[in-house]
Every structure is written in structure tokens, then in C-alpha cells.
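Engineer: Residue numbers (our numbering), protein chains in the order written: chain A, 1 to 404; chain B, 405 to 541.
The beta-carbon is built from N, C-alpha and C at its ideal position, and this holds for glycine as well.
Since the model is a prediction, treat every value here as computed from it, not as a measurement.
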Amino acid sequence: MLTLPIYLDNNATTPLDPRVLEAMLPYMTKMFGNAASRNHAFGWQAEEAVDYARDQIAALINCSPKEIIFTSGATESDNLAIKGVYEMYASKGNHIITATTEHKAVLDTCKHIEKIGGKVTYLHVDDKGLIDLKQLEEAITDKTILISIMYANNEVGVIQPVREISAIAKKHGILFFTDGTQAVGKIPVDVEADGIDIMAFSAHKMYGPKGVGALYVRRKNPRVKVTAQMDGGGHERGMRSGTLNVPGIVGLGKAAELAKQEMEADTARISAMRDRLERELLTIEESYVNGSTEHRLPHVSNISFKYVEGEGLMMGVKDLAVSSGSACTSASLEPSYVLKALGLSDDLAHSSLRFGLSRFTTEEEINYAIDHVKEAVSKLREMSPLWEMYKEGIDLNSIEWAEH
Amino acid sequence: MAYSDKVIDHYNNPRNVGTLDKAKTNVGTGLVGAPECGDVMRLQIEVDENQIITDAKFKTFGCGSAIASSSLATEWLKGKSVDEALTIDNMDIVEELALPPVKIHCSVLAEDAIKGAINDYRVKNGLPELQLPKSHH
Numbered sequence: 001m002l003t004l005p006i007y008l009d010n011n012a013t014t015p016l017d018p019r020v021l022e023a024m025l026p027y028m029t030k031m032f033g034n035a036a037s038r039n040h041a042f043g044w045q046a047e048e049a050v051d052y053a054r055d056q057i058a059a060l061i062n063c064s065p066k067e068i069i070f071t072s073g074a075t076e077s078d079n080l081a082i083k084g085v086y087e088m089y090a091s092k093g094n095h096i097i098t099a100t101t102e103h104k105a106v107l108d109t110c111k112h113i114e115k116i117g118g119k120v121t122y123l124h125v126d127d128k129g130l131i132d133l134k135q136l137e138e139a140i141t142d143k144t145i146l147i148s149i150m151y152a153n154n155e156v157g158v159i160q161p162v163r164e165i166s167a168i169a170k171k172h173g174i175l176f177f178t179d180g181t182q183a184v185g186k187i188p189v190d191v192e193a194d195g196i197d198i199m200a201f202s203a204h205k206m207y208g209p210k211g212v213g214a215l216y217v218r219r220k221n222p223r224v225k226v227t228a229q230m231d232g233g234g235h236e237r238g239m240r241s242g243t244l245n246v247p248g249i250v251g252l253g254k255a256a257e258l259a260k261q262e263m264e265a266d267t268a269r270i271s272a273m274r275d276r277l278e279r280e281l282l283t284i285e286e287s288y289v290n291g292s293t294e295h296r297l298p299h300v301s302n303i304s305f306k307y308v309e310g311e312g313l314m315m316g317v318k319d320l321a322v323s324s325g326s327a328c329t330s331a332s333l334e335p336s337y338v339l340k341a342l343g344l345s346d347d348l349a350h351s352s353l354r355f356g357l358s359r360f361t362t363e364e365e366i367n368y369a370i371d372h373v374k375e376a377v378s379k380l381r382e383m384s385p386l387w388e389m390y391k392e393g394i395d396l397n398s399i400e401w402a403e404h
Numbered sequence: 405m406a407y408s409d410k411v412i413d414h415y416n417n418p419r420n421v422g423t424l425d426k427a428k429t430n431v432g433t434g435l436v437g438a439p440e441c442g443d444v445m446r447l448q449i450e451v452d453e454n455q456i457i458t459d460a461k462f463k464t465f466g467c468g469s470a471i472a473s474s475s476l477a478t479e480w481l482k483g484k485s486v487d488e489a490l491t492i493d494n495m496d497i498v499e500e501l502a503l504p505p506v507k508i509h510c511s512v513l514a515e516d517a518i519k520g521a522i523n524d525y526r527v528k529n530g531l532p533e534l535q536l537p538k539s540h541h
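1) Short of 6 Å in beta carbon distance, which residues of its chain neighbour threonine 458 of chain B, apart from the five on each side in sequence? Order them along the chain.
2) Determine, for tyrosine 525 of chain B, whether the minimum Cβ-Cβ distance to residues of chain A falls below 8 Å.
3) Going along the chain, which residues of the region 428-449 of chain B sit with their C-beta nearer than 9 Å to a C-beta in chain A?
4) Return yes when the Cβ of asparagine 79 of chain A is within less than 8 Å of the Cβ of alanine 105 of chain A, no when it is not.
5) What distance in whole Å lies between the Cβ atoms of methionine 383 of chain A and lysine 463 of chain B, which are believed to be in contact at a cut-off of 8 Å?
6) Counting contacts by CB-CB distance shorter than 8 Å, is lysine 410 of chain B in contact with chain D?
7) State yes or no: is the C-beta of isoleucine 174 of chain A within less than 8 Å of the C-beta of threonine 141 of chain A?
8) Is it the case that the region 293-309 of chain A contacts the region 352-359 of chain A, given that we only count it when at least three CB pairs across the two stretches are under 8 Å?
9) For the alpha helix (DSSP H) holding tyrosine 525 of chain B, just list the boundary residues, first then last.
10) Chain A beta carbons: is any one of them nearer than 8 Å to that of glycine 466 of chain B?
11) Give the list of continuous alpha helix (DSSP H) stretches no shorter than 4 residues that lie fully inside the region 183-231 of chain A.
12) Can you give the Cα-Cα distance for isoleucine 492 of chain B and phenylalanine 465 of chain B, rounded to whole angstroms?
13) Would you kindly check if the distance between the Cβ of alanine 74 of chain A and the Cβ of valine 50 of chain A is under 8 Å?
14) Excluding the five sequence neighbours on either side, which residues of its own chain have a C-beta within less than 6 Å of the C-beta of glycine 437 of chain B, listed in chain order?
15) Return no unless some Cβ of chain A is closer than 8 Å to the Cβ of threonine 478 of chain B.
16) Residue range of the alpha helix (DSSP H) that histidine 112 of chain A falls in?
17) So, is the C-beta of aspartate 179 of chain A closer than 8 Å to a C-beta in chain B?
18) Verify the CB distance criterion: does glycine 312 of chain A have a CB-CB separation below 8 Å to chain B?
19) For glycine 312 of chain A, does the count of other Cβ atoms within 10 angstroms reach 16, so buried, or fall short, so exposed?
20) Per the contact definition of three or more C-beta pairs closer than 8 Å, is the region 198-209 of chain A in contact with the region 109-122 of chain A?
21) Just checking my contact of histidine 295 of chain A with isoleucine 159 of chain A at CB under 8 Å: how many whole Å lie between their CB atoms?
22) Mind the definition here: the region 467-481 of chain B touches the region 500-516 of chain B only if three or more C-beta pairs lie below 8 Å; say whether that holds.
23) Considering only their Cβ atoms, is the gap separating arginine 219 of chain A from serine 77 of chain A smaller than 8 Å?
24) Using a Cβ-Cβ distance under 8 Å, would tyrosine 288 of chain A count as near chain B?
25) Have a look at B:Asp516, B:Val527 and B:Gly530 and flag the residue whose alpha-carbon is nearest the alpha-carbon of leucine 435 of chain B.
26) Rounded to whole angstroms, what's the CA-CA distance from threonine 98 of chain A to leucine 136 of chain A? Just pull it up for me.
27) Hey, isoleucine 96 of chain A and leucine 320 of chain A: beta-carbon distance below 8 Å or not?
28) Please tell me whether leucine 252 of chain A and alanine 200 of chain A are closer than 8 Å, where the distance is taken between their beta carbons.
29) Just to confirm, does asparagine 154 of chain A get its C-beta within under 7 Å of one of the non-hydrogen atoms of the ligand COA?
30) Should alanine 268 of chain A go down as buried or exposed, given a rule of 16 or more other Cβ atoms within 10 Å for buried?
31) Roughly how many angstroms separate the alpha carbons of threonine 361 of chain A and serine 473 of chain B, rounded to a whole number?
32) Alpha carbon to alpha carbon, how far is leucine 424 of chain B from leucine 447 of chain B?
33) From A:Ala41, A:Ala46 and A:Thr71, pick the residue whose C-alpha is nearest to that of valine 246 of chain A; which is it?
Encoded structure:
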């Protein structure tokens, strides 16, 4: 049974897995204690639940439970990591290296660092979305304290060479932070093997609840500390004050446990569906995959359908929840900065759709998506003056477009 | 953002999609916007000997509001005289389609396309090009 609309925007957020909800529910009613209450059963119960969640999460990313700092989500974790390192290691230097395709939570935090006197290098990426390791190494100075490169990108799903990056960081005695929001729970992430010092991630991208995330902070080789960004009761080893969101944390823990158990089977099934969707959509004339298809998350496909505009296309597939690199609604009319960083021309960036599958996506939904995208692209091309010109052999670059 | 019913109607049932023969002297073509801005509109009018617009066609690359604005423009143009057509204001389109502020540029493009088509027709027929205030959006 096909239920409309169909959700294919799982890089934005994922539905809560019912098994996660079930684990969370008792901690909202009966077991409502404050995990910091040390002198009664309500508090002990809550603390026990939080500790159990820490174990579940630690098992997923191969760290010690003591290295998990709970936060409100990946944006807070990104802020805590970058600002916290900048403050804690101020005596060592003030230079951070990141990349142009990072999430806004990282880029805007870096902009803030620049405003307060820090220096930031923004590495460019190639047409596949990957950073150049040589450029990374060349950007390092004796003032560099942090390399901040995301594990996998949210728009195109490209996976960066994390192990090579961490090796460079280690060689130069620099900390390596990665925004793992899109990767954790979707592909194997092992902070030991990957050489990660600090990592941000979030529950709601892996079938957990919104409003809870974590920051992994290494305790050994090297021992890393970040300066707290909120003052208060000194929770989470003094790095993040605030009463713990016990039901949320229980949810993140359960989501992590399920991810560990089911990742392999999920990935096999989801990537097969993604590949079929992509293969079918690429039979549409003048359609292109954006970003690397070799180093990519298993559940994402970002495709540009030339000569149709993304927002118009989304309206044509209104029973599909997807997203577009077109930003027709923003005041600037600027399309996706990530796609532009990959070297896409503005018109191709405007013509893109991102499909994000989940463990709940079905073959029937993919069939529906294939049919409806094909239909909408063809309908909109009939209406597109650019398509007509292309078909007449007119070079669109030869036209003097009215700037606006 | 939710679209108005009128935008959805024009998007689902666009009026007057197509191409007129731009080689004909009584056909005027306006092509406005740019691919890198995410919208391009082409609007064409066919004018009879009494200066009445007998046919209008459009093709648009853009969002639903851009498509609806140009579709509506062709509806309004048909049957009007060239001079009457010049009085169509982008705010009329905004009102009719209930466009939100972020989509006002779509209506401006449609007005520009109408004026562009009229000017093309005038120049083809030996009339001086109208000096129109350049719109910025």
C-alpha cells in the first residue's frame, strides 16, 4: 500500500523509529528524574538510563562512554567543538582549517571565530566534492590548532578521506574535528580507526528524536578538552552544563544500538534502491549526478535535470518530499553554495533535486518517485524556453541575458 | 511555503504555452531573466492590423510562481490593444496570484517580458523603441 506524500528528504531529518519511541516513553512519565539528583531513586534511575545510552553510543562509534558529551544537537556540538577548541588552545595558536562545503553550523561558527580575531582557511573542493590533501597540508601553519572537515556532506553525500586527513593532523600535532551528522548511524564510523579527536552528531538523522545530539571528545592520545560555551552546573565533565534531556538521550542511545545492529542490512537494501532510482532518472536526457558516486553515502542522490528549475520541479512532484539546490525563495536568489563549490554553474545548481532514502523507504515508493520525476521533468521542459533553445542547437552562453 | 490556489491552477493547467513564429513582423518576442538567476521567461504576442493582440504564448524556466505569472500575463494580453497591454503592472499580477513578497520578482519579470515583447514588435514595425524604466529586482 502506497501512502502519499512520500518522504525522500532523509538528509534533512528522519522519522523516529517506533522502537526508539518505545524506549523513550517511560522516561517522560514514570521515570522523569533528573540524572543529576544523586540522593534518590528517581535520579539514580535517570542516571542509569543515561549511562546505558552512553554505552550504546560508544559501541556504535568505538569510543569510551566517558568520551560522550550530550548536547541539544549537531549545531550545538559544532559550536562547542570549534569555539571550545579555539578558547582552550588559544595559547597554541588561532588558526583553523575547514572547507567551503561544510554545513552552515561549521561555516558560520568559523566566521564568528574570524570576527573575534582568529584566522580560518576555507579549502576548496574538486568537482567531486572532495578536498585536496596536499592543499590541506600546505594550509597548515605553526598557528594551526584545528582541522574541521565533515565526514560526509549533507547535500551530495560525498564522504571525505577522513583517515588521510587525521593522519595529516596527527603528523602536525593538530586536533581533528569532524561533523559526523550525516555519517554516524549510516556508515561505519570508528573514532579509533579513523583517528578522530572530536566529532559532532545528532539523533534525528538516524531515526532518533530531534533536540538531542552529542559531541565525542577524545580522552586519550591526546586528551582533548573544550571550553564550555554555557555556564551552569558543570554537567558532562564540565563541558556542557544543563539538565540532561533523559528521554532524548535514551532515544539517541536506542537509535545508535539499532544502527549498529541493522546498518549492514539497511545499507544493502537502501543503496540498491538508491542505485535503481538514480539509474532510472539518469535515463532522462541531460541529467547529471552531482558529486562523487564512488565516495558517497549509501542513501543519497543529488541530480541536476538541466533546463528545468528545481523549485518548479518540486511543485510538479508535490507528492514527493525532496529538496532542491535552487534557492528561489531566498532573498539573494543564490543557489546552493555546496553545488557551486563543486563547480556547478548556477543554472545546473538551480536544476538540482536531492533524494534521501531511509530504512523505511519501499520499492513502491521508489517506483512512484521514478515515474513522477520523469513525468514532471518532461512536462516542465515542454514549458522551458531553455529546453527549446537547446533542442534548436542554440548555445545558451551566446545569449546576452538580462541581469537581474 | 504554500502556493495560492491560483498559482497551483496556472502551474497545473498553464494557459498558452507555446511558440509563435518570431520571423513574422507582427510577432513580438520578449526574453527576460537569466538561467543563473533561476528564471527565464519568453513571452510572445501576435498583433493584428488594428493593434490588437490576437494571440500570446509563453515558455518559462522557473518556479511555480514564475510559470503562473507568465501564464496569467498571456491570458490578460489576449484581446488587449498594444497600448492597453503597456498598462499591465506587476502589482496587478502579485494581487491576482496572491504572491508572497519573496516571489514579487516573478511578477516583475512578467511585466518586463510584456514590455520586451511590445518593444520587439514596435522595432520590427519601424516604431521607435519605448524607453522603459529599467526595473531592478
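Structural biologist: Short version:
1) As a first step, residue 458 of chain B is located in the second sequence; it is residue number 54 there, counting from the start. Here the set comprises Glu450 and Asp452.
2) For the purposes of this step, residue 525 of chain B is taken as the residue at position 121 of the second sequence. Taking Cβ atoms only, chain A never reaches closer than 8 Å to tyrosine 525 of chain B, which makes this a no.
3) Leu435, Val436, Gly437, Ala438, Pro439, Glu440, Cys441, Gly442, Asp443, Val444, Met445 and Arg446
4) To locate residue 105 of chain A, count along the first sequence from 1; it is residue 105. To locate residue 79 of chain A, count along the first sequence from 1; it is residue 79. Yes, the Cβ-Cβ distance between alanine 105 of chain A and asparagine 79 of chain A is below 8 Å.
5) Counted from its first residue, the second sequence places residue 463 of chain B at position 59. Counted from its first residue, the first sequence places residue 383 of chain A at position 383. That pair is a contact at about 6 Å.
6) In summary, chain D is missing from the structure at hand, where the protein chains are A and B.
7) On the first sequence, residue 174 of chain A is found 174 positions in, with the first residue counted as 1. On the first sequence, residue 141 of chain A is found 141 positions in, with the first residue counted as 1. Not a contact, by the Cβ cut-off of 8 Å.
8) yes
9) Working through the second sequence from its first residue, we reach residue 525 of chain B at position 121. Boundaries of the alpha helix (DSSP H) harbouring tyrosine 525 of chain B: 508-528, taken from the DSSP string.
10) As a working note, residue 466 of chain B is residue 62 in the second sequence. So yes, glycine 466 of chain B belongs to the interface.
11) Segments of the alpha helix (DSSP H) lying fully in the region 183-231 of chain A: 191-194.
12) Numbered from 1 along the second sequence, position 88 holds the residue referred to as residue 492 of chain B. Numbered from 1 along the second sequence, position 61 holds the residue referred to as residue 465 of chain B. Roughly 22 Å between the two C-alpha positions.
13) One-based indexing of the first sequence puts residue 50 of chain A at position 50. One-based indexing of the first sequence puts residue 74 of chain A at position 74. Not closer than 8 Å, so no.
14) Numbered from its first residue, the second sequence carries residue 437 of chain B at position 33. Taken in chain order, the residues that qualify are Asp443, Val444, Met445 and Leu513.
15) As a working mapping, residue 478 of chain B is identified with position 74 in the second sequence. No, threonine 478 of chain B lies away from the interface with chain A (no Cβ there is under 8 Å from its Cβ).
16) Numbered from 1 along the first sequence, position 112 holds the residue referred to as residue 112 of chain A. Residues 104-115.
17) Start at 1 with the first residue of the first sequence, and residue 179 of chain A comes out as number 179. False, the Cβ-Cβ gap to chain B never drops below 8 Å.
18) On the first sequence, position 312 is the one that residue 312 of chain A refers to. Yes, because at least one Cβ of chain B sits closer than 8 Å to the Cβ of glycine 312 of chain A.
19) As a position in the first sequence, residue 312 of chain A is number 312, starting the count at 1. The residue is buried, with at least 16 neighbouring Cβ atoms inside 10 Å.
20) Fewer than three Cβ pairs drawn from the region 109-122 of chain A and the region 198-209 of chain A lie within less than 8 Å of each other, which leaves the two stretches out of contact.
21) Numbered from its first residue, the first sequence carries residue 295 of chain A at position 295. Numbered from its first residue, the first sequence carries residue 159 of chain A at position 159. Indeed, because the Cβ distance is near 5 Å, the residues count as touching under 8 Å.
22) Contact between the region 467-481 of chain B and the region 500-516 of chain B is present, because at least three Cβ pairs lie under 8 Å.
23) Here the question's residue 77 of chain A lines up with position 77 in the first sequence. Here the question's residue 219 of chain A lines up with position 219 in the first sequence. Contact: no.
24) The count along the first sequence starts at 1 and reaches residue 288 of chain A at position 288. No, no contact with chain B.
25) Taking the second sequence and counting its residues from 1, the one referred to as residue 435 of chain B is at position 31. When each option's Cα is compared against that of leucine 435 of chain B, the closest is B:Asp516.
26) Position 98 of the first sequence, counted from the start, is the residue given in the question as residue 98 of chain A. Position 136 of the first sequence, counted from the start, is the residue given in the question as residue 136 of chain A. Rounded to whole angstroms, threonine 98 of chain A to leucine 136 of chain A spans 9 Å at the Cα level.
27) By 1-based counting over the first sequence, the position of residue 96 of chain A is 96. By 1-based counting over the first sequence, the position of residue 320 of chain A is 320. No. Outside cutoff.
28) Counted from its first residue, the first sequence places residue 252 of chain A at position 252. Counted from its first residue, the first sequence places residue 200 of chain A at position 200. Going by C-beta atoms, leucine 252 of chain A is not nearer than 8 Å to alanine 200 of chain A.
29) For the structure depicted, the ligand COA is absent and the ligand set is empty, with no information on it obtainable.
30) Translated into the one-based positions of the first sequence, residue 268 of chain A becomes position 268. The residue is exposed, with fewer than 16 neighbouring Cβ atoms inside 10 Å.
31) Against the first sequence, residue 361 of chain A aligns to sequence position 361. Against the second sequence, residue 473 of chain B aligns to sequence position 69. If I take the Cα positions, the gap works out to 36 Å.
32) Counting from 1 along the second sequence, the entry for residue 424 of chain B is found at position 20. Counting from 1 along the second sequence, the entry for residue 447 of chain B is found at position 43. Between leucine 424 of chain B and leucine 447 of chain B, the C-alpha separation is close to 9 Å.
33) As a working mapping, residue 246 of chain A is identified with position 246 in the first sequence. Minimum Cα distance to valine 246 of chain A is reached at A:Ala46.
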